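A.B. asks: If you use this note's numbering, the sequence shown closes out at 643, no skipped numbers anywhere.
All C-beta atoms in this analysis are idealised placements derived from N, C-alpha and C, irrespective of residue type, glycine included.
Note that the coordinates shown come from a computational prediction; the quantities given were computed from them, not determined experimentally.
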Amino acid sequence: MEAKTTRRLFQEGKAGQRMVAVVLKHPQRRGKTYRVATAEDARVFREAEAAPQGKRERLMLEWGMDPVPYEPLPLMSGVFNVPLYGITNWGDLFNARQQLALITFADKVRQAHEQMLAKGTDPAFATAVATCFGLLVDRLADYNSSLCSWHNTGEKVGHTLNRQALPMVWDYFEIYPFSGASGDAPSAIGWIRKVLSHCSHIPKAQAGVATVVQSSATQLSYSDGYFDAVFTDPPYYINVPYADLSDFFYVWLKRTVGHLYPDLFSTPLTPKSQEICQMQHWDPERYADKTKEWFENMLTRAFAEIHRVLKPGGVAVIVYAHKSTAGWETVINALLDSGLVVTGAWPLYTEMKARLRARDSATLSSSIYIVARKVARQPTGFYNEVREELRQHLDHKLQRLWEEGIGGADFFIAAIGSAIEVFGKYEQVMDYEGNVIRADRLLQDVRTIATDYAVRQILQNGFTGEVSDLTRLYVLWRWNYGEARVPFDEARKLAQSCGVDLAREWGRRGFVSKEREFVRLLGPQKRKLDDLEKDDTRELVDVLHRVLLLWEKGRREELVQALAASGYGRSEAFYRVAQAVSETLPNESKEKKLLDGFLVGRERVREEVGKTGQQERLFE
24 MEAKTTRRLF QEGKAGQRMV AVVLKHPQRR GKTYRVATAE DARVFREAEA APQGKRERLM
84 LEWGMDPVPY EPLPLMSGVF NVPLYGITNW GDLFNARQQL ALITFADKVR QAHEQMLAKG
144 TDPAFATAVA TCFGLLVDRL ADYNSSLCSW HNTGEKVGHT LNRQALPMVW DYFEIYPFSG
204 ASGDAPSAIG WIRKVLSHCS HIPKAQAGVA TVVQSSATQL SYSDGYFDAV FTDPPYYINV
264 PYADLSDFFY VWLKRTVGHL YPDLFSTPLT PKSQEICQMQ HWDPERYADK TKEWFENMLT
324 RAFAEIHRVL KPGGVAVIVY AHKSTAGWET VINALLDSGL VVTGAWPLYT EMKARLRARD
384 SATLSSSIYI VARKVARQPT GFYNEVREEL RQHLDHKLQR LWEEGIGGAD FFIAAIGSAI
444 EVFGKYEQVM DYEGNVIRAD RLLQDVRTIA TDYAVRQILQ NGFTGEVSDL TRLYVLWRWN
504 YGEARVPFDE ARKLAQSCGV DLAREWGRRG FVSKEREFVR LLGPQKRKLD DLEKDDTREL
564 VDVLHRVLLL WEKGRREELV QALAASGYGR SEAFYRVAQA VSETLPNESK EKKLLDGFLV
624 GRERVREEVG KTGQQERLFE
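1. Rounding to the nearest angstrom, what Cα-Cα distance links M375 and G337 in this structure?
2. Once the 5 residues before and after F288 are set aside, which same chain residues still bring their CB inside 6 Å of it?
3. Measuring only from the beta carbon, is L98 closer than 7 Å to any heavy atom that is part of the ligand ZN?
4. Take V394 as the anchor and find which of G457, E444, L573, P226 has the nearest alpha-carbon.
5. Does the separation of the CB atoms of L552 and R569 fall below 8 Å?
6. Where does Y3 fall in DSSP's three states?
7. Helix, strand or coil, according to DSSP, for M139 in the structure here?
8. Tell me the residue span of the beta strand (DSSP E) that contains V46.
9. If we call anything under 8 Å between Cβ atoms a contact, is A477 one with L499?
10. Using three-state DSSP, classify A377 as helix, strand or coil.
11. So, is Y455 buried or exposed, given that buried needs 16 or more other C-beta atoms within 10 angstroms?
12. When the distance is taken between beta carbons, is A141 closer than 8 Å to F156?
13. Check D251 in the structure and name its three-state DSSP category.
14. Looking only at DSSP bridge pairs, what is K179 linked to?
15. According to the neighbour-count rule (16 or more other Cβ atoms, all chains shown, within 10 Å of its Cβ), is Y273 buried or exposed?
16. Pair every Cβ in the segment 361–373 with every Cβ in the segment 397–413, then say whether three or more of these pairs are closer than 8 Å.
17. Between the segment 212–223 and the segment 92–102, can you find at least three pairs of beta-carbon atoms closer than 8 Å?
18. Within 10 angstroms of its Cβ, does A62 collect 16 or more other Cβ (buried), or is it exposed?
19. Since N112 sits in a beta bridge, which residues does DSSP pair it with?
20. According to DSSP, A395 sits in a beta bridge with which residue or residues?
21. Check P75 in the structure and name its three-state DSSP category.
22. Using beta-carbon positions only, say whether V628 and V583 come within less than 8 Å of one another.
23. Which class does P294 belong to by DSSP, given the choice of helix, strand or coil?
24. Taking the alpha-carbon positions, what's the E35 to I126 distance?
25. Just verifying my parser: in three-state terms, what is the DSSP assignment at P61?
26. Quick one: what's got a C-beta closer than 7 Å to G522's C-beta in the same chain, skipping five residues either side?
27. Count the other CB atoms, across all protein chains shown, that sit within 10 Å of the CB of A211; report buried if there are 16 or more and exposed otherwise.
28. Report the CB separation of S169 from Y195 in whole angstroms; it is logged as a contact under 8 Å.
29. Among the candidates S238, R66, Q297, S246, whose CA atom is the shortest distance from the CA of A266?
30. Assuming A587 contacts V632 (C-beta within less than 8 Å), just tell me the rounded distance between them.
31. Whole beta strand (DSSP E) runs in the segment 512–596 with 3 or more residues, listed along the chain?
32. Run through DSSP, which three-state label would G404 get?
33. Please confirm if the segment 318–331 is in contact with the segment 293–308, defined as three or more CB-CB distances below 8 Å between the two stretches.
34. Straight-line CA distance for F446 to V409?
35. My parser needs the alpha helix (DSSP H) runs of 4 or more residues fully inside the segment 252–293; what are they?
36. Secondary structure at R508, three-state DSSP: helix, strand or coil?
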C-alpha cells in the first residue's frame with residue numbers, strides 16, 4: 024500500500040491496532056517465553072480502553088487540566104513524522120491502557136506529596152521526593168508509548184526516544200509496569216536511586232557545593248573575569264529540535280509536579296523563543312525568525328558572554344560535531360566575532376557507529392573539541408599571507424590526523440577545526456582590496472587543501488596526477504561518505520574542491536545521481552551495462568564500473584577488450600583506484616565484493632590485456 028494512502032487512512036481514523044504476541048518473564052527463570060495473543064488478551068485490552076474516561080473526568084476536575092496531555096505535537100519533516108499519521112498531540116502517542124497507567128501513576132505522585140505534608144514532612148523534602156516520583160512517570164512514558172519497539176537481541180523493550188526524533192513505528196511493544204522486566208516501574212526507581220546515590224558522593228569543595236543555575240547563555244549572571252574555564256556543548260545548528268523533544272517529558276511533569284513549580288510550568292509547552300537553534304527549515308510558519316542569521320547572531324552573543332566572564336588567559340572549551348560546512352560557517356563566524364582566540368582543535372571519538380542515523384547518511388564518529396583562550400589578538404592579517412600560513416599549518420596537522428587514523432568525514436571536520444587556530448588569532452583577515460574574509464572563504468580553501476592531501480594519501484602519492492577530477496571525486500566520496508547520500512550543498516562543495524561541476528555531471532547519465540535535495544554517487548550495481556557500453560566513455564570510473572559488471576556476468580573476453588581499448592588494462596593507477604575504493608567500503612557492500620573479486624585476478628587480466636595489445640599490433 025502506498026505511504027500516502029496509509030497516512031490518509033490513519034488521518035481519517037480508519038486505521039487500527041491488534042495485539043499479535045505476548046512475551047512472558049518468569050521471576051525464577053532466565054530468558055523469555057513467547058506466545059500468540061489470545062481472545063482473552065484482547066478482551067482485557069478492550070476493558071482497559073473503556074476505563075480511562077471516568078478517571079480522566081475526575082482528575083480533570085481535581086487538577087484543573089486534562090490528565091492526558093493533549094497539547095499539540097508539531098510536524099517536523101525528518102524528525103517528528105507521526106503527525107502525518109494523525110498523531111497530532113502528545114497524548115496520541117499512548118494507547119488507552121498506557122494512558123490509564125500513566126495518569127494513575129501521575130495521580131499517585133500527587134497523593135504521595137499530599138500525604139507527606141499531612142504527616143508533617145518538611146515541605147522542601149516532600150517536594151524533592153515528589154519530584155523524583157515525577158521523573159519516574161517520565162521514564163515510564165519513555166518506555167511505554169506506541170513508539171516503543173521490541174529489542175530482539177536483548178529481548179527487552181526499546182524506549183521511545185532512542186534517537187532525537189519521533190518516527191512512526193508499525194509494531195510496538197507495551198510493557199506491564201510491574202513485570203519485573205527492563206523498563207518497568209521498579210527498574211525506573213532503581214535508575215533514579217542510582218543517580219541520587221552518585222550525586223550524593225560528589226565531594227564538597229571548600230567554597231561550597233556545585234551550583235546549578237537556569238539562565239540564558241547570552242546573559243550570564245556572573246561578573247567580568249569570574250571563571251578560570253568554561254566548557255560548553257552548543258546546539259548543532261539544524262540537527263536537533265531540543266525544546267520540542269523535551270515537550271515529551273514536559274507535558275507529564277506538568278501533570279505530576281507542575282503545581283509545585285508554577286514558574287517553570289506556566290506555559291502550555293516549553294518556552295522556545297530564545298532557544299539557540301536554526302529551526303526555520305522544519306516549520307517555516309512557527310519558526311519564521313529562527314534563521315541561520317539568527318542562530319549565528321545568538322551564538323555570537325553566547326560566545327561573547329563566555330569571553331566576558333573568563334579571566335584573562337582563561338580557557339573555553341567548545342564541543343562541536345556538525346558535518347555540514349554551513350553549520351561550521353556559523354560557529355566559526357560566531358567565534359571570530361566573540362573575541363575568543365582558538366589555540367587548538369582536536370577530534371575525539373564520541374558517537375556510536377551503529378546508531379540508526381548512520382545507516383544511510385554521512386555521519387561523524389567524532390566531535391571536535393575547540394580550545395580557545397581570552398588573550399590579545401594579532402592585528403589585521405592579509406589573506407595571501409594568512410593562506411600560506413594556513414597551508415603550512417594544515418600540512419603538519421593533517422599528517423598527524425592521518426597517522427592517528429582519523430578518516431572520512433571526521434578528517435575534513437578536524438581540518439576545519441585546525442584551520443581556526445590560524446584564522447582566529449587575527450583581529451580580522453582582509454584581502455588587498457579591503458574585503459573582510461569570513462568563514463565561507465576560509466572553508467573553501469580548507470576543503471581544497473584537505474582534499475588534495477587526502478587524495479594523495481589514498482592513492483599513495485604517485486598516482487594523483489594520472490587520474491581525472493571526476494575520479495578524484497569518486498575516490499574521495501567513497502572515503503568520506505561511503506555509499507551514503509549527501510545533502511546537495513555539501514556534495515557541491517566537495518565536488519568544487521575537486522574541480523567538478525555536479526550539475527553538469529548528472530546531466531550526462533553518469534554515476535552522479537540527484538535524489539531530491541540529496542546527491543549520491545552510484546556504484547556499479549546501480550548502473551546499467553547497456554548504458555555504459557553505449558556511452559563508451561573513457562572516464563576511469565565508468566570503465567571500472569563497466570568492467571565490474573562484465574566480470575559479474577562472466578563475460579571475460581569483453582572485459583579484457585574494454586580494458587585494452589580504454590588503455591586502462593596496464594595502468595597501475597586504474598588498479599590502485601579500484602583497490603582504494605574497496606578499502607573504503609564495508610564488507611557487506613556489493614560494490615566492494617565486485618571490486619575484491621575482480622582484483623583477485625588482476626595479474627592474469629593484465630597478461631590477457633597485454634596479449635590482446637600484441638595481437639592488435641600484428642594486424643596493423
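C.D. replies: By the coordinates alone:
1. Low confidence applies to M375: its pLDDT is 46, below 50, so where it sits in the model is not reliable, and the reading given next is rough at best. Approximately 32 Å, taken between the alpha carbons.
2. K277, G281
3. This structure lacks the ligand ZN; in fact it carries no ligand of any kind.
4. E444
5. yes
6. The shown model of the chain, from 24 to 643, leaves out residue 3, and the question about it has no answer.
7. helix
8. 44–47
9. yes
10. Because the pLDDT at A377 is just 43, under 50, the model does not fix this residue reliably, and the point stays unresolved.
11. exposed
12. no
13. strand
14. H174
15. buried
16. yes
17. no
18. exposed
19. P95
20. A339, V365
21. helix
22. yes
23. coil
24. 27 Å
25. The question names Pro, but residue 61 is Thr in the sequence shown. Correct three-state label for T61: coil.
26. D492
27. buried
28. 5 Å
29. Q297
30. 5 Å
31. 535–538, 541–544
32. strand
33. yes
34. 7 Å
35. 265–279
36. strand
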